[in-house]
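Residue 7 is where the first sequence starts when you use the numbering used here, and the numbers rise one by one after that.
Right, one structure below, let's go through it.
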Amino acid sequence: MKYQRLRGVKDVFSPDNSVWESIIAAAVSVFKTYNYSLIITPTIEEISLFSRGIGEASDIVMKEMYDFNDKKGRHIVLRPEGTASVVRAYIENSLPEKSDMYYIGQMFRYERPQTGRYREFYQIGVESFGDATPYKDAEVIILASAILKAAGIKDAVLNINCLAADAGYYEKLKNFLEEKKSGLCGDCKNKLSRAPIRVLDCKNEGCRQAVAGAPLITEHLTPGAGASFSKIKSLLTAAGISFTVNPAMVRGLDYYTAVVFEFTTDKLGPQQNTILAGGRYDNLVEELGGKKTPATGFAMGIERLFEVLKAQEGTITEAGPEAFIIVDKEFIDRGFELVNSLRNSGIRCAMGYQERSFKSQFREAESKKAGFAVIIGETEVNTGKYSVKNMADGSQKEIEAAGIAAYIKGRP
RNA sequence: GUGGGUGUAGCUCAGUUGGUUAGAGCGCCAGGUUGUGGCCCUGGAGGCCGCGGGUUCAAAUCCCGUUACUCACCCCA
Numbered sequence: 007m008k009y010q011r012l013r014g015v016k017d018v019f020s021p022d023n024s025v026w027e028s029i030i031a032a033a034v035s036v037f038k039t040y041n042y043s044l045i046i047t048p049t050i051e052e053i054s055l056f057s058r059g060i061g062e063a064s065d066i067v068m069k070e071m072y073d074f075n076d077k078k079g080r081h082i083v084l085r086p087e088g089t090a091s092v093v094r095a096y097i098e099n100s101l102p103e104k105s106d107m108y109y110i111g112q113m114f115r116y117e118r119p120q121t122g123r124y125r126e127f128y129q130i131g132v133e134s135f136g137d138a139t140p141y142k143d144a145e146v147i148i149l150a151s152a153i154l155k156a157a158g159i160k161d162a163v164l165n166i167n168c169l170a171a172d173a174g175y176y177e178k179l180k181n182f183l184e185e186k187k188s189g190l191c192g193d194c195k196n197k198l199s200r201a202p203i204r205v206l207d208c209k210n211e212g213c214r215q216a217v218a219g220a221p222l223i224t225e226h227l228t229p230g231a232g233a234s235f236s237k238i239k240s241l242l243t244a245a246g247i248s249f250t251v252n253p254a255m256v257r258g259l260d261y262y263t264a265v266v267f268e269f270t271t272d273k274l275g276p277q278q279n280t281i282l283a284g285g286r287y288d289n290l291v292e293e294l295g296g297k298k299t300p301a302t303g304f305a306m307g308i309e310r311l312f313e314v315l316k317a318q319e320g321t322i323t324e325a326g327p328e329a330f331i332i333v334d335k336e337f338i339d340r341g342f343e344l345v346n347s348l349r350n351s352g353i354r355c356a357m358g359y360q361e362r363s364f365k366s367q368f369r370e371a372e373s374k375k376a377g378f379a380v381i382i383g384e385t386e387v388n389t390g391k392y393s394v395k396n397m398a399d400g401s402q403k404e405i406e407a408a409g410i411a412a413y414i415k416g417r418p
């Protein structure tokens with residue numbers, strides 16, 4: 007008990023690892039069919055990339071970054087999210103103006119850990135550059151939905167909103183809220199200047215009443231954004247994707263400029279229910295030093311998908327090897343030879359190399375959930391045929407070494 | 001960052017008003033006439049009772065601190 011994990015981080019191993027593998031495999035397979043390509047960026051970046059990109063005033067930048075000075079005194083941060091890094095890489099490497107990319111990797115935020123919330127967590131994300139059409143927004147949302155489906159997530163709910171309000175909207179909203187200020191909770195009074203839309207989303211009963219009748223952003227979109235938002239909605243509907251427009255939804259990252267969306271679930275408790283979120287950010291590339299480029303994307307949290315899948319499916323069991331080799335202590339070399347040849351034939355198999363009793367080896371085969379046990383003892387060596395035992399029904403058959411792989415494959 | 005709950009064996013947990021060598025179930029290992037798993041039986045290994053301090057003749061038990069986990073707030077994936 008000497009060393010312990012650091013706060014808010016985790017180890018992932020059997021049987022949970024198989025769920026992680028399947029989530030990643032599902033996502034990668036969907037990315038291939040949508041023709042998005044992998045981009046790998048560093049885990050560390052200059053701190054200003056995020057303070058500029060995400061917004062100086064955001065919680066992530068103000069209090070949640072893992073930052074440190076390196077040996078040369080550079081101010082470094084462990085990335086709290088993926089988008090700014092990908093944008094940096096897009097600009098720095100002069101990638102094709104139109105680029106569709108995905109990434110998988112860990113992010114770091116110094117927060118109080120909670121269900122579905124870690125200090126180091128994994129995101130799968132996509133960023134699409136160079137396409138300002140509503141078709142691309144719809145494509146990205148459909149892609150997100152396809153991954154959730156492929157990963158086996160049921161009952162995810164899609165909320166969308168558009169943040170491209172006309173010039174007067176925020177002023178109008180602030181004025182409205184100022185008048186109701188006395189009825190708002192403390193938190194909302196603070197939010198008023200920084201993120202007035204958030205006040206619309208407060209769960210506090212007093213705030214809800216005070217906020218009734220407030221001007222809605224969806225009724226104050228710029229003409230272009232309004233048309234685009236309508237088109238996105240009709241494209242989603244045509245694609246068979248159901249959604250709810252939620253005019254109170256805001257994201258915590260300041261770079262979103264138009265459509266934003268969130269997939270949520272009721273499987274993670276009341277608060278950490280967002281499993282995937284994203285939106286359009288048409289100014290970020292320029293803000294980070296590139297030329298003005300439209301872009302849209304999203305990120306999903308692997309831990310949260312994992313929790314949802316676990317809640318849906320209950321106990322997780324990892325598949326065992328197809329074969330487990332059991333040997334008399336005289337014949338460990340023969341067992342080693344067999345396990346290698348079965349592996350060369352594509353059979354998933356294992357054996358223990360210690361000198362142990364048959365009973366003990368059978369127990370191991372049992373606990374590893376092996377499909378078959380292949381026994382190599384004196385009798386087998388004398389006859390030239392090994393015993394292959396079906397662990398499920400107990401039946402046993404003698405087969406020459408060369409035929410074992412085919413026999414096992416023939417009976418899955 | 002704020003507030004609540006909890007830390008005893010690998011896991012899930014007991015542990016009486018403070019009182020001798022701290023327990024159970026599961027798991028693990030080994031046996032049950034030396035070639036066969038699951039069920040059953042027997043035995044075994046494995047705990048500075050989260051850490052530090054205090055009260056006491058005596059602390060897993062009471063008090064303080066600290067740390068980790070956990071739930072909620074905030075925020076987010």
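Glycine residues also receive a C-beta, built at the ideal position from the N, C-alpha and C atoms.
Remember, predicted model here, so these are calculated numbers, not experimental data.
For this session: Within 10 angstroms of the Cβ of S401, are there 16 or more other Cβ atoms? Answer buried if so, exposed if not.
Result: Here S401 is exposed. Its C-beta has fewer than 16 other C-beta atoms within 10 Å.
For this session: Identify whether Q367 lies in helix, strand or coil by the three-state DSSP scheme.
Result: In this structure, Q367 counts as helix in the three-state DSSP scheme.
Problem set entry | Cross-strand partners of H81 (DSSP beta bridge) | Paired residue(s): N75.
Exercise. Comparing alpha-carbon positions, which option in A90, S57 and C213 lies nearest C194?
Worked result: When each option's Cα is compared against that of C194, the closest is C213.
Exercise. When the Cβ atoms of the stretch 75 to 84 are set against those of the stretch 49 to 61, are three or more pairs found closer than 8 angstroms?
Worked result: Under the 8 angstroms Cβ criterion, the stretch 75 to 84 counts as touching the stretch 49 to 61, having at least three qualifying pairs.
Problem set entry | Extent of the continuous beta strand (DSSP E) to which I166 belongs | Secondary structure note for I166: its beta strand (DSSP E) is the uninterrupted segment V163 to C168.
For this session: Name the one or two DSSP bridge partners that R286 has.
Result: Per DSSP, T302.
For this session: Can you give me the Cβ contacts of L241 inside the same chain, cut-off strictly under 7 angstroms, excluding the 5 residues immediately before and after it?
Result: Answer for L241: P140, Y141 and A144, listed in chain order.
For this session: Pull up the distance between the alpha-carbon of A138 and that of G352, whole angstroms please.
Result: Each residue's Cα considered, the two are about 47 angstroms apart.
For this session: Tell me whether N396 sits in a helix, a strand or coil according to DSSP, three-state version.
Result: In the structure shown, N396 sits in a strand (DSSP, three-state: E or B).
For this session: Please say whether E133 and T4 have beta carbons closer to each other than 9 angstroms?
Result: Outside the shown range of the chain (7 to 418) lies residue 4, about which nothing can therefore be said.
Exercise. Does DSSP put I381 in a helix, in a strand, or in coil?
Worked result: Per DSSP, reduced to three states, the secondary structure at I381 is strand.
For this session: From the DSSP output, in three-state form, read off V18 for me.
Result: In the structure shown, V18 sits in coil (DSSP, three-state: anything other than H, G, I, E or B).
Problem set entry | Segments assigned beta strand (DSSP E), at least 3 residues, entirely inside the stretch 163 to 244 | Whole beta strand (DSSP E) segments, 3+ residues: 163 to 168.
Problem set entry | Inter-residue Cα distance where the pair is Y108 and Y176 | One C-alpha to the other measures close to 34 angstroms.
Exercise. Do V36 and L149 have their C-beta atoms within less than 9 angstroms of each other?
Worked result: Yes; because the gap between Cβ atoms is below 9 angstroms, this pair is in contact.
Exercise. Would you call the CB atoms of Y261 and N279 closer than 9 angstroms?
Worked result: Y261 places its beta carbon 9 angstroms or farther from that of N279.
Problem set entry | Limits of the unbroken alpha helix (DSSP H) element including M68 | Element bounds for M68: D65 to K69.
Exercise. For I30, which residues of its own chain have a beta-carbon under 8 angstroms away from its beta-carbon, when the five flanking residues on both sides are left out?
Worked result: Within the same chain, I30 has close Cβ partners I110, I130 and I308.
Problem set entry | Proximity below 9 angstroms, CB of T323 to CB of K395 | Going by C-beta atoms, T323 is not nearer than 9 angstroms to K395.
Exercise. Does the stretch 164 to 174 touch the stretch 339 to 351, meaning 3 or more C-beta pairs lie closer than 8 angstroms?
Worked result: They do not touch, by the three-pair rule.
For this session: Determine the DSSP secondary structure at A376, reduced to helix, strand or coil.
Result: Correct three-state label for A376: coil.
For this session: With DSSP as the reference, label I342 as helix, strand or coil.
Result: What sits at residue 342 in the sequence shown is Phe, not Ile. In the structure shown, the three-state DSSP call for F342 is helix.
For this session: Following the continuous beta strand (DSSP E) through V265, name the residue where it begins and the one where it ends.
Result: Run containing V265: V265 to T270, per the beta strand (DSSP E) assignment.
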